[in-house]
Each structure stands twice: as C-alpha cells, then as structure tokens.
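Chemist: I'd like to ask you about the structure that follows.
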Amino acid sequence: MTYIVGLDIGGTFTDVSAVSVDTGTIYTAKARSTPWDLIEGLVEGIGLVAEQAGLTAEELLARTEKFAHGTTQTSNVVFTWVGAKTGLITTRGFADEILIMRARGRVAGLGLADRRQLRATQKPPQIVPRHLIAEAAERIDHRGRVLAELTRTEAERVVRELLDQGVESIAVSLLWGHENPRHELLIEEVVNELAPGLHVSLGHRLARVAGEYERASTAVINAFVAPTVEHYLERLVDRMADLKLDAPLLVLQASGGVNSAEETIPIKTIESGPAAGMVAVKALMDTVGYDNVIATDVGGTTFKVGLLVGGQWSVTQETIINQYSLLIPMIDLVSIGSGGGSIAWVDDTRLRIGPLSAGGDPGPACYGWGGTQPTVTDADLVLGFLNPDRFLSGRLTLSREKAEAAIKEHVADPLFGGDIVKAAAGIRHIVDSQMGDLVRKATIERGHDPRDFALIAYGGAGPLHASGYSRGIGVQTILVPQAATGFSAYGAAASDIQHSINRSVRSDLLDDPAALARAYHELDREARALVEKQNVSPSRISSSRWAEMRYERQLHDVRVQAKDVPDEQVSDGLRDAFIERYQALYGRSSTLPNAQPQLLRIGVDVVGAIAKPTVHEYGLQGEDPGAAAAGSRKVFWPELMEWVETPIYDGTALRPGNLLAGAAIIEQPGTTIVVPPGATSVVDRFGNNIINLATGGSK
Numbered sequence: 020m021t022y023i024v025g026l027d028i029g030g031t032f033t034d035v036s037a038v039s040v041d042t043g044t045i046y047t048a049k050a051r052s053t054p055w056d057l058i059e060g061l062v063e064g065i066g067l068v069a070e071q072a073g074l075t076a077e078e079l080l081a082r083t084e085k086f087a088h089g090t091t092q093t094s095n096v097v098f099t100w101v102g103a104k105t106g107l108i109t110t111r112g113f114a115d116e117i118l119i120m121r122a123r124g125r126v127a128g129l130g131l132a133d134r135r136q137l138r139a140t141q142k143p144p145q146i147v148p149r150h151l152i153a154e155a156a157e158r159i160d161h162r163g164r165v166l167a168e169l170t171r172t173e174a175e176r177v178v179r180e181l182l183d184q185g186v187e188s189i190a191v192s193l194l195w196g197h198e199n200p201r202h203e204l205l206i207e208e209v210v211n212e213l214a215p216g217l218h219v220s221l222g223h224r225l226a227r228v229a230g231e232y233e234r235a236s237t238a239v240i241n242a243f244v245a246p247t248v249e250h251y252l253e254r255l256v257d258r259m260a261d262l263k264l265d266a267p268l269l270v271l272q273a274s275g276g277v278n279s280a281e282e283t284i285p286i287k288t289i290e291s292g293p294a295a296g297m298v299a300v301k302a303l304m305d306t307v308g309y310d311n312v313i314a315t316d317v318g319g320t321t322f323k324v325g326l327l328v329g330g331q332w333s334v335t336q337e338t339i340i341n342q343y344s345l346l347i348p349m350i351d352l353v354s355i356g357s358g359g360g361s362i363a364w365v366d367d368t369r370l371r372i373g374p375l376s377a378g379g380d381p382g383p384a385c386y387g388w389g390g391t392q393p394t395v396t397d398a399d400l401v402l403g404f405l406n407p408d409r410f411l412s413g414r415l416t417l418s419r420e421k422a423e424a425a426i427k428e429h430v431a432d433p434l435f436g437g438d439i440v441k442a443a444a445g446i447r448h449i450v451d452s453q454m455g456d457l458v459r460k461a462t463i464e465r466g467h468d469p470r471d472f473a474l475i476a477y478g479g480a481g482p483l484h485a486s487g488y489s490r491g492i493g494v495q496t497i498l499v500p501q502a503a504t505g506f507s508a509y510g511a512a513a514s515d516i517q518h519s520i521n522r523s524v525r526s527d528l529l530d531d532p533a534a535l536a537r538a539y540h541e542l543d544r545e546a547r548a549l550v551e552k553q554n555v556s557p558s559r560i561s562s563s564r565w566a567e568m569r570y571e572r573q574l575h576d577v578r579v580q581a582k583d584v585p586d587e588q589v590s591d592g593l594r595d596a597f598i599e600r601y602q603a604l605y606g607r608s609s610t611l612p613n614a615q616p617q618l619l620r621i622g623v624d625v626v627g628a629i630a631k632p633t634v635h636e637y638g639l640q641g642e643d644p645g646a647a648a649a650g651s652r653k654v655f656w657p658e659l660m661e662w663v664e665t666p667i668y669d670g671t672a673l674r675p676g677n678l679l680a681g682a683a684i685i686e687q688p689g690t691t692i693v694v695p696p697g698a699t700s701v702v703d704r705f706g707n708n709i710i711n712l713a714t715g716g717s718k
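In terms of the numbering used here, the sequence shown opens at residue 20 and continues consecutively.
Written as structure tokens, this is what we have:
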C-alpha cells in the first residue's frame, strides 16, 4: 500500500494529511506548530498520522510516492523582518527607488480605515538600508539596447562594495534588465567568483515585466528570505531522508502548484498554505459538482476567503506583503486577522477581536500553555461549542476555568458587568461579523451575488464558525469537507508541478500575430523545460496562455485566458477574449465597437500532472444518524441568547445519507461542526457534511 502525504504548517498548528492510493482512505492529524524549529512540529504530525494508519513514521514515508509541503517559513521571515543582511545592486541614479516606494509605501496594502489616518502611517522597515545599495555605471534602454556597457571592473567594484560590508545575500535589479539581462548575469557571475555560495537574486529571473520599483522590491525580498528558507529546506530534506522518505520533497507555491525543493524560488512560497487550500477546494468541487464556491479557511491566526467562479480561481500577478510590492503569481485571496487564537480586548467601551493572536505560543488561555489573554477559542469553550475532552482528538484537555478567568478579567468585568457568558457570546458574535464582512468584500464588492454560491468551510475553526459568518449574506449551502481540519494539507497532496512565466510586451505586438505567437511559443518552451526537468513525462504536461489587457488611458488591467486558436488568429482571439471578459465584469454596454484594447503582458501556465489523491465515493446508508449519537450538552446559542440542550454527534460515525436537524454539534477529529437552530445537515456520497441554511439557520 502506498500513500500521498501533504503538509501545511500554520501559525498555531501543523496539519498532515496522508491518503492511501489503494483505498482512498484519508488520515489527518494536527500537531502543535513549533516556530523555534518548524521541523519538530512537522515530524510530530507525521508520526500522528502514521499511527492512524497503523504504521511508524518511517514505514509511512518509505511507502510515500508523493510528499508535498506548504510552509509559513517565508511568511515568518517577512512578517518578523528577521532575514539575511541584504545588499542591492542597481543602475547608477536609481538607488533610492526601493526607498521611495513610488511614494505609496506608507499606505500600500493598508485598509481604508488605516489610510484615512495618514499621519499615523509609516513606511515599512527598510530591508536594504541606503549604505547597502551599490550603484553600477551601466544603462540599457526600454528596447533592451545597451547604451552604457557594464565593464567587468565596474561589476567587481560594486560587488566588493557590498561584500566588504558583510552582506549575506545580494539582490540585483537594473533598469530595463528584464529586456536585456546580460548586465545582471555578469554581476551574478562576479558574485559567484568572489563569494561562492552567496545567494544572488536577479530581478529579471523573478519578474520580466516593466516597473523598476516592483522588480527591485521582489528581488530584494527574495534575497532577504532566501538564505533562511533554503537552509530550512536543506535541513528538511535531510530529516525526511533520515525517516526513510525516498520520494522527492515538493514545495507549495503561492500560485497553487508545487516544485521540487531544489527548483523552489523562496519568495514564491509565501502564503503557500492558503493556496493549497484553494487547490483542495477545486479538486473536491470538480468531483462534487459546484462551480461557484466561496472558500473560507479559519485557522488560529487568520481568516482567508477565495472564490471559484465557473470552477476557476483567479490569479493576481502583483501583490503587497507588509507594504512591499511583489511581482509573483498568487491565487487571489483576501484575509483578516481573525481566527481561533485572535485575542479579545477592550478599546475604551468597545469590544475588539484581533488582529493580534495568541498563536501557538502561548496559545489561548484554555490550552494551559501559559496564555492569559481571552481568545475566540476560549469563548467557544465557555459557550459549550467545544468539548474540552476531545480537543485535538483528546490529546489536549481544555481548561474551562482558565478560559472563564481570562474572559472575566479582560472583557466581562470591563464591559458586561462580570457576565462571562454574555461576554463570550459577544466575542463570538463580533468575530463572526468580522468574517462575514470579509465574505461580502470578496463577493458583493467584486460584483458577485453570494446567493449564487455555495460556501465551503475548512481549517480547524472554519466549520465551528461558518454558520455564524454566513448569516445575513444570502448563502444557503455550507459544505464541510471530510478532511476539513487538514484541508490545506490535503490540497498540498493534490497539487501538480507548475511553472508560470510571463513578460511585458509592447502594445503594438497585438497587431503582429506572427510575432505574438512566437513570443507565446518561447515562453511555453521555457516553462515546459522547467517542468520536464522534474521528471514529468511530456505526455502529462499541459499549458494555457493568458494576457493582461486594457483600453487606452485606463489604469487597471483585465486578465484574459487566450483562446485555443491557430497562430495566425492569436491576436483576434485575444481581442475577442478581452471583450467577453470586459463585458462580463462591467456589463455588455461597457465596450465600444471601435475601441482598441492594449496588450500589456503575456504569460503561460504549464502544468505537469503528477500523482494525486482521488475523492472516494460511498453508498448512501439511510437518514437515521442514531448510530452516531454521542449524548448532549448545554450550548449557549448567541442567535437565541439562551442555553439549549444540544444533541452531539460523533462525526466519524456518521454515514452517507445521515440527516440531522439543528441545533446540533458534530465532533470530528481536529474540528467541530456547528449546525445552527433551524438548519439541517446531511452527509453526502463523498463523506462531506452539507448544511442547508434555507430553513432558518441563516436568519
């Protein structure tokens, strides 16, 4: 028997999913994340999931044919600003571009409320201080023509200038270097000669697009995180080899694909865990049959929302992380600092939740790990939604006493006259409202009607709060997947090898279909070679083309999928695709017959299909859930503002076809599913719990 193993390291817990290739059985486990050494928590999680399969960790890994890993290591480095001492080499006269940040660094990526308080905003910390920026005497123009040659002597001078100051990593981003990379390549050659083994990030390799600040920012952040991430991956490869893993170690990318550890570009792994969740959503929805889905992931520190529209997610080519611009492809997700570990606090006379989190160290007060601040998890325990004896499959007993003490001191006494239950209900209500607002932002503000979507809830706290944050937005159906608690880890296991390459182009290229087709073929060949390098058969490789376009004088681009047409029709195909997409976004009357679109960027996504788990289908076994009944307990339902004796069900004993009515609680290993009053829940043929809110649960 062989297995496919996926892992996702979160801020609070590390999730591991192992799927039997032979039977389709899914094993999931949660281990405490260990930020001081992420590998410790990962190894513990592998051991726990192996135990479920009746194996040792070594036996499981020896039988593993695919091992895919999503990590927070890159995010940790960026968000804590603890990375390598980094230097930057740029064109003479452009040293300050990374510091000026297009004059938007103080507000980039901030929410509307923060932007309104402009005097209180600040630029992010400088990754590269001014004295670690070296200027090279060279110049290339916008068509890639060399105006001032970079001599080897000059290249050695700027490299030595940084080496003499003890840099640990170097970023190189020259003006128009993406049009002609020869000067950047010369600097890399010199670095390799003068300081073998020192990391070098070249702007043109990371992003072949116009925008000198964005390209430099991407190169700098990659250089900043690379030594830490590469060292971590080297240690992980060695540790897994010690545990008898023979399969290659694959690393999740923010775009939803995986690459081998050796081929991984560190910055492209940022936010790879949430991307893996979207991969899992698409894999499941392709089987279950939902085309329009709101994906919601609630972990210990954050709440993330993504959309599948027509069965496809959208990808953004530029994102902002910690106020810095990054030119990397990422699945389009929005998030806020709301999760199970989010801290409840009082601001004058108002109750606030997050964005600070207790994380996994010290964790919520009820964990007994040293935390004293009240969190969402503490409130859920006090209200009766959580079983203190079954948390983490019984490996951690929650302390109601410590949860009540934390809520009383910090919330109940200041705001609720000492009423701990009302304070806990307030915490749950506010966090659900915050998450519901984000769902609205991801749907209604983007022109989508939530009533046309099903909502899928995963992560450790997603099923626990889904009925709350779905309330009032019009969603009628909530789907809780069989492996909800480790769904992102399952997504890692379901990912394919992927390489995406794109480049800026001149707008007049749209008028030359032969040249445009050649440009696409060049990108396709390069991306296919990278996929084939990872031992993927050419017969299992597919590619798709896309473009970013807009009308003249517009500021925002529209991404369109290129139509599968002969080369001589590629330009007309793009024009037609643009008009169709533009009208879909802005209405049929938004385009003019004689208006000509501009072509800004072209790209290809090349996918190499590799082993992945299959979704197992079961036979229906009747509606009666009696065999799964596990007693009852009092639960305080905030929507009713009263205690209700609520039936409890063992989720592992529910069978396809079982139907139950809310109010009810379903306890599964690693998560708890809340079926609100007036709603119903049924187990479908794939082991998922489908909650129907239409009968009153959303009101």
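We put the CB at the ideal spot given by N, CA and C, even for glycine. Predicted model, so just to flag it, every value in this text is computed and none were measured.
What residue does the alpha helix (DSSP H) around Leu252 start on, and which one ends it?
Modeler: Here residue 252 refers to the residue found at position 233 when the sequence shown is read from its first residue. Residues Glu231 to Asp261.
Chemist: Using the rule of at least 16 other Cβ atoms within 10 Å of the residue's Cβ for burial, across every protein chain shown, is Leu611 buried or exposed?
Modeler: Numbered from 1 along the sequence shown, position 592 holds the residue referred to as residue 611. Exposed, by the Cβ-count rule.
Chemist: Would DSSP call Gly89 helix, strand or coil?
Modeler: Indexing the sequence shown from 1 puts residue 89 at position 70. Strand.
Chemist: What is the residue span of the beta strand (DSSP E) that Gly622 lies within?
Modeler: One-based indexing of the sequence shown puts residue 622 at position 603. Unbroken beta strand (DSSP E) run through Gly622: Pro616 to Gly627.
Chemist: So, helix, strand or coil for Glu661, using DSSP?
Modeler: The sequence position of residue 661 within the sequence shown is 642, counting from 1. Here Glu661 sits in strand by DSSP.
Chemist: DSSP three-state call for Ile492: helix, strand or coil?
Modeler: Taking the sequence shown and counting its residues from 1, one reaches residue 492 at position 473. Of the three classes helix, strand and coil, the one that applies to Ile492 here is coil, per DSSP.
Chemist: Would DSSP call Gly296 helix, strand or coil?
Modeler: The residue you call residue 296 lines up with position 277 of the sequence shown. Helix.
Chemist: Using a Cβ-Cβ cut-off of 6 Å (strictly less than) and excluding sequence neighbours within five positions of Pro666, which residues of its own chain qualify?
Modeler: Stepping through the sequence shown from its first residue, residue 666 is reached at position 647. Hits under 6 Å: Ser651 and Ala683.
Chemist: Compare the C-alpha of Ala431 against each of Leu411, Leu619, Gln392 and Gly373 and name the closest.
Modeler: The count along the sequence shown starts at 1 and reaches residue 431 at position 412. Nearest option by C-alpha distance: Gln392.
Chemist: Expressed to the nearest angstrom, what Euclidean distance is found between the alpha-carbon atoms of Ile475 and Val147?
Modeler: Translated into positions along the sequence shown, residue 475 becomes position 456. Translated into positions along the sequence shown, residue 147 becomes position 128. Going by the C-alpha atoms only, they are around 41 Å apart.
Chemist: Any idea which residues DSSP pairs Pro666 with across the strands?
Modeler: In the sequence shown, the residue the question calls residue 666 occupies position 647. In DSSP, Pro666 forms a bridge with Ser651.
Chemist: Touching or not, the region 321-329 and the region 265-283, by the rule of three or more beta carbon pairs under 8 Å?
Modeler: Because the criterion of three Cβ pairs below 8 Å is not met, the region 321-329 and the region 265-283 do not touch.
Chemist: Below 8 Å CB to CB, which residues in the same chain sit around Asp471 once its five sequence neighbours on both sides are set aside?
Modeler: As a working note, residue 471 is residue 452 in the sequence shown. Contacts found: Asn311.
Chemist: Provide the residue span of the alpha helix (DSSP H) that contains Leu326, from first to last.
Modeler: The count along the sequence shown starts at 1 and reaches residue 326 at position 307. That residue, Leu326, is in no alpha helix (DSSP H); its beta strand (DSSP E) goes Phe322 to Leu327.
Chemist: Which one or two residues does DSSP pair with Tyr570 in a beta bridge?
Modeler: Reading the sequence shown from its first residue, position 551 is the one you call residue 570. The partner list for Tyr570 (beta bridge, DSSP) reads Pro616.
Chemist: Unbroken alpha helix (DSSP H) runs of length 4 or more, entirely within the region 324-401: which are they?
Modeler: Counting whole runs of 4 or more residues, the region 324-401 contains the alpha helix (DSSP H) stretches 395-401.
Chemist: Just tell me which of Asp543, Leu535 and Leu604 has its CA closest to the CA of Gln586.
Modeler: Within the sequence shown, residue 586 is the residue found at index 567, counting from 1. Note that residue 586 corresponds to Asp in the displayed sequence, not to Gln. Of the listed residues, the one whose Cα sits closest to Asp586 is Leu535.
Chemist: Gly73: which of Thr33, Arg123, Ser94 and Tyr22 sits nearest, CA to CA?
Modeler: As a position in the sequence shown, residue 73 is number 54, starting the count at 1. Closest option to Gly73, Cα to Cα, is Tyr22.
Chemist: Any chance you could list the beta strand (DSSP E) runs of at least 3 consecutive residues sitting entirely within the region 567-611, in chain order?
Modeler: Those beta strand (DSSP E) runs which fall completely within the region 567-611 and span 3+ residues are 577-580.
Chemist: Starting from Asp27, follow the beta strand (DSSP E) in both directions and report where the run begins and ends.
Modeler: Counting from one through the sequence shown, the residue named residue 27 turns up at place 8. Its beta strand (DSSP E) spans residues Tyr22 to Ile28.
Chemist: Have a look at the DSSP bridge pairing and note the partners of Glu686.
Modeler: Position 667 of the sequence shown, counting from 1, holds the residue named residue 686. Note: Glu686 sits in a beta bridge opposite Asp669 and Thr691.
Chemist: Roughly how many whole angstroms lie between the Cα atoms of Glu428 and Tyr232?
Modeler: Counting from 1 along the sequence shown, the entry for residue 428 is found at position 409. Counting from 1 along the sequence shown, the entry for residue 232 is found at position 213. Roughly 48 Å between the two C-alpha positions.
Chemist: Exposed or buried, Pro644, counting other C-beta atoms within 10 Å across all chains shown (16 or more means buried)?
Modeler: Along the sequence shown, read from residue 1 onward, the residue named residue 644 stands at position 625. Counting Cβ neighbours within 10 Å, Pro644 comes out buried, since at least 16 surround it.
Chemist: Under 6 Å Cβ to Cβ from Lys718, same chain only, skipping five residues before and after it: list those, please.
Modeler: Counted from its first residue, the sequence shown places residue 718 at position 699. Bear in mind that the predicted position of Lys718 carries a pLDDT of just 36, short of 50, making it too unreliable to give a figure here.
Chemist: For Lys323, count neighbouring Cβ atoms within 10 angstroms of its own Cβ and tell me buried if that reaches 16, exposed if not.
Modeler: To locate residue 323, count along the sequence shown from 1; it is residue 304. Burial call: buried.
Chemist: Alpha carbon to alpha carbon, how far is Gly196 from Asn211?
Modeler: Against the sequence shown, residue 196 aligns to sequence position 177. Against the sequence shown, residue 211 aligns to sequence position 192. Approximately 19 Å, taken between the alpha carbons.
Chemist: Enumerate in chain order the residues of its own chain whose CB-to-CB distance from Leu402 is below 6 Å, with the five nearest sequence positions on each side excluded.
Modeler: Position 383 of the sequence shown, counting from 1, holds the residue named residue 402. The residues are Ala443 and Phe655.
Chemist: What residue range is occupied by the uninterrupted beta strand (DSSP E) comprising Ser36?
Modeler: Translated into positions along the sequence shown, residue 36 becomes position 17. That run of the beta strand (DSSP E) goes Phe32 to Ser39.
Chemist: For Arg158, list the residues DSSP reports as bridge partners.
Modeler: Indexing the sequence shown from 1 puts residue 158 at position 139. Answer by DSSP bridge pairing, in chain order: Ala167.
Chemist: Within the same chain, show all residues whose beta-carbon is closer than 6 Å to that of Phe32, passing over the 5 residues directly before and after it, in chain order.
Modeler: Locating residue 32 in the sequence shown gives position 13, where the first residue counts as 1. The answer, listed in chain order, is Lys49 and Ser52.
Chemist: Considering only DSSP beta bridges, list what Gln517 is partnered with.
Modeler: Numbered from its first residue, the sequence shown carries residue 517 at position 498. Bridge partners of Gln517: Val626.
Chemist: Suppose you measure from the CA of Val550 to the CA of Ser274; what does that come to, to the nearest Å?
Modeler: Taking the sequence shown and counting its residues from 1, one reaches residue 550 at position 531. Taking the sequence shown and counting its residues from 1, one reaches residue 274 at position 255. So the alpha carbons of these two residues sit roughly 15 Å apart.
Chemist: Using the DSSP secondary-structure output, state which residues sit across from Val178 in a beta bridge.
Modeler: The residue given as residue 178 occupies position 159 in the sequence shown. DSSP lists no partner for Val178.
Chemist: Quick one: what does DSSP say Asp527 is sitting in, helix, strand or coil?
Modeler: Taking the first residue of the sequence shown as 1, we reach residue 527 at position 508. Helix at Asp527.
Chemist: Kindly give me the distance between the Cβ atoms of Gly479 and Gly319, rounded to whole angstroms, as I take these residues to be in contact under 8 Å.
Modeler: Position 460 of the sequence shown, counted from the first residue, corresponds to residue 479. Position 300 of the sequence shown, counted from the first residue, corresponds to residue 319. Yes, Gly479 and Gly319 are in contact; Cβ-Cβ is about 7 Å, under 8 Å.
Chemist: Classify Val101 as buried or exposed, calling it buried when 16 or more other Cβ atoms lie within 10 Å of its own Cβ.
Modeler: Here residue 101 corresponds to residue number 82 of the sequence shown, with the count starting at 1. Val101 should be labelled exposed.
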